[in-house]
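Undergrad:
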Amino acid sequence: MDAVQSTKTAFDIIGGQDAVDRLVETFYRNMDVLPQAQTIRAMHAQDLGPTKTVLKLYLAEWLGGPKTYSEQRGHPRLRMRHMGFAIGPAERDAWMACMTGALDEVVDDVRLRDALKQNFAKLADWLRNDPDNQHDKHH
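By the numbering used here, the letter at position 38 of the sequence shown is numbered 136, and the numbering carries on one by one without gaps.
1) Using a Cβ-Cβ cutoff of less than 7 Å, which residues in the same chain neighbour Cys196 once the five nearest sequence positions on both sides are dropped?
2) Measure the alpha-carbon distance for Leu201 versus Gly186 and round it to whole angstroms.
3) By how many angstroms is the C-alpha of Gly182 removed from the C-alpha of Asn231?
4) Residue range of the alpha helix (DSSP H) that Ile239 falls in?
5) Phe183 by DSSP, collapsed to three states: which one?
6) Glu203 to Lys215, Cα distance in whole Å?
7) Between which two residues does the alpha helix (DSSP H) containing Arg120 stretch?
8) Quick check on the DSSP output: the alpha helix (DSSP H) that includes Leu221 runs from which residue to which?
9) Ignore the nearest five residues each way along the sequence and tell me which others in Arg211's own chain have a CB closer than 6 Å to its CB.
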């Protein structure tokens, strides 16, 4: 592997901002059409435009792209920003169904797609704020 290849980020491999934009658009389209996503869709405003914009910025940065999200909004504080919503296993699974479908449609690189699914699954589980969330249990 040459030096240029080894410095590629997930953002580069996925196809840059255009691919991130397609991923977010596909994710929210899935949220609109999947029956199991009705509950999480109801947590969002009718107009998804502003939410899509934020997620596009966040995912671009999360994947190793431009740091625009942090520059505009500061630290993501994902759990804090989602605390106003009841997120349990059903909501996590619905979110993952939407994202998995979007990844399958948009990300051609199989290894990257599988890695992103694993990372999104961890993130989605961490965002749960139900009493059974193992991340909140102190042993």
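A virtual CB, placed ideally from N, CA and C, is assigned to each residue, including glycine.
TA: Concretely, from the data shown:
1) The residue you call residue 196 lines up with position 98 of the sequence shown. Counting only Cβ-Cβ distances below 7 Å, and skipping sequence neighbours, we find Phe125, Asn128, Met129, Leu132 and Ala135.
2) On the sequence shown, position 103 is the one that residue 201 refers to. On the sequence shown, position 88 is the one that residue 186 refers to. Roughly 22 Å between the two C-alpha positions.
3) What you label residue 231 is simply residue 133 of the sequence shown in a count that begins at 1. What you label residue 182 is simply residue 84 of the sequence shown in a count that begins at 1. Answer to the nearest angstrom: the Cα atoms are 16 Å apart.
4) A query on residue 239 cannot be resolved here, the shown segment of the chain reaching from 99 to 237 and no further.
5) Position 85 of the sequence shown, counted from the first residue, corresponds to residue 183. In the structure shown, Phe183 sits in coil (DSSP, three-state: anything other than H, G, I, E or B).
6) On the sequence shown, position 105 is the one that residue 203 refers to. On the sequence shown, position 117 is the one that residue 215 refers to. Going from the Cα of Glu203 to the Cα of Lys215 covers about 13 Å.
7) Mapped onto the sequence shown, residue 120 falls at position 22. Gly114 to Val131 is the extent of the alpha helix (DSSP H) around Arg120.
8) Translated into the one-based positions of the sequence shown, residue 221 becomes position 123. Here the alpha helix (DSSP H) through Leu221 covers Val208 to Trp224.
9) Sequence index remark: in the sequence shown, residue 211 carries index 113 (1-based). Here the set comprises Leu201 and Val205.
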